[in-house]
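Right, one structure below, let's go through it.
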Amino acid sequence: MGCSQNNKKQEGSSTGLPSRVESESKAGAEKAGQSVAGSSNQSASAGKVQVLTASDFRKKIMDYESHPDEWVFAGSRPAIIDFYTTWCGPCKMMAPMVESLAGKYAGKIDFYKVDIDQEPELASVFGIRSIPTFLFIPMKGNPTIQMGAMQKEDFVEIIGKMMGK
Numbered sequence: 002m003g004c005s006q007n008n009k010k011q012e013g014s015s016t017g018l019p020s021r022v023e024s025e026s027k028a029g030a031e032k033a034g035q036s037v038a039g040s041s042n043q044s045a046s047a048g049k050v051q052v053l054t055a056s057d058f059r060k061k062i063m064d065y066e067s068h069p070d071e072w073v074f075a076g077s078r079p080a081i082i083d084f085y086t087t088w089c090g091p092c093k094m095m096a097p098m099v100e101s102l103a104g105k106y107a108g109k110i111d112f113y114k115v116d117i118d119q120e121p122e123l124a125s126v127f128g129i130r131s132i133p134t135f136l137f138i139p140m141k142g143n144p145t146i147q148m149g150a151m152q153k154e155d156f157v158e159i160i161g162k163m164m165g166k
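The number in this note's numbering is simply the position in the sequence shown, starting from 1, with 1 added.
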């Protein structure tokens, strides 16, 4: 379950990420696995979901302008990013659960959110067309994109896989 979003910033097909990641992010609606590598740097306030702008994203998550052909994760712990809008019903339904999980995993996982109406550049970079869309970023291994609302148990299961449990 999710809301459709027509991506208004469609100037060509390039997302600014490697073509392998671009095509896989579009396939994310059908499967949850992505192929991108990671590294590390800064983190969000423990226990809270932090709002990300495109500028913040480039500093805290990945600088897709400096690294257009590869994923270079800048975080110091695993991260989860909620791509949403304020008018999306399923997004509103997921928000309290995401806030609760941010508290539960405080100090272990950084939680962020991106309003794609306010940050269309990020929606374009990731090819976001359905919301909510969640990006699960482990410290090592492959990030995962999950589109649509989900049950808490399913969300926690994806977190467990991301954390290697």
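All C-beta atoms, glycine included, are put in the ideal place defined by N, C-alpha and C.
Terminal residues of the alpha helix (DSSP H) in which I160 lies:
Where I160 is concerned, the enclosing alpha helix (DSSP H) stretches over 153-163.
Exposed unless 16 or more other CB atoms sit within 10 angstroms - verdict on T145
That one is buried.
What alpha helix (DSSP H) runs, 4 residues minimum, are completely inside the segment 48-96?
Within the segment 48-96, the complete alpha helix (DSSP H) runs of at least 4 residues fall at 55-61.
According to DSSP, which residues form a beta bridge with D111?
Partner residues in the beta bridge of D111, as assigned by DSSP, are A80.
For chain C, is any of its Cβ atoms less than 8 Å away from the one on R130?
Any reference to chain C falls outside this structure, which holds one protein chain only.
Are the segment 101-121 and the segment 46-57 in contact at 8 Å, needing three or more beta carbon pairs?
Touching, per the Cβ criterion.
Please determine, among S56, T54, Y85, the residue with the shortest C-alpha to C-alpha distance to G149.
With distances taken between CA atoms, G149 lies nearest to Y85 out of S56, T54, Y85.
Does the segment 128-138 come within contact of the segment 78-97, defined as at least 3 CB pairs closer than 8 Å?
Yes, they touch.
Is M98 helix, strand or coil by DSSP?
Looking at M98 - three-state DSSP - the assignment turns out to be helix.
For A57 and V126, I'd like the C-alpha separation in whole angstroms.
Per the sequence shown, the amino acid found at residue 57 is Asp instead of Ala. For D57 and V126, the gap between their C-alpha atoms comes out near 14 Å.
Quick one, which of K166, G128, M164, V157 has its alpha-carbon nearest S101's?
That would be V157, whose Cα lies nearest to the Cα of S101.
Per DSSP, cross-strand counterpart(s) of Q147
Q147 pairs with F135.
Cβ shell of A55 (< 6 Å), same chain only, five flanking positions each side left out:
Excluding sequence neighbours, A55 sits near E120, E122, L123.
Where G108 and G165 are concerned, what is the direct C-alpha to C-alpha distance, given to the nearest angstrom?
So the alpha carbons of these two residues sit roughly 17 Å apart.
Considering only the alpha carbon of each residue, which of G104, I62, M98 lies closest to E71?
The closest CA to that of E71, considering only G104, I62, M98, is found on I62.
Could you tell me the boundaries of the alpha helix (DSSP H) in which E120 lies?
Secondary structure note for E120: it is in no alpha helix (DSSP H), with a DSSP letter that is neither H nor E.
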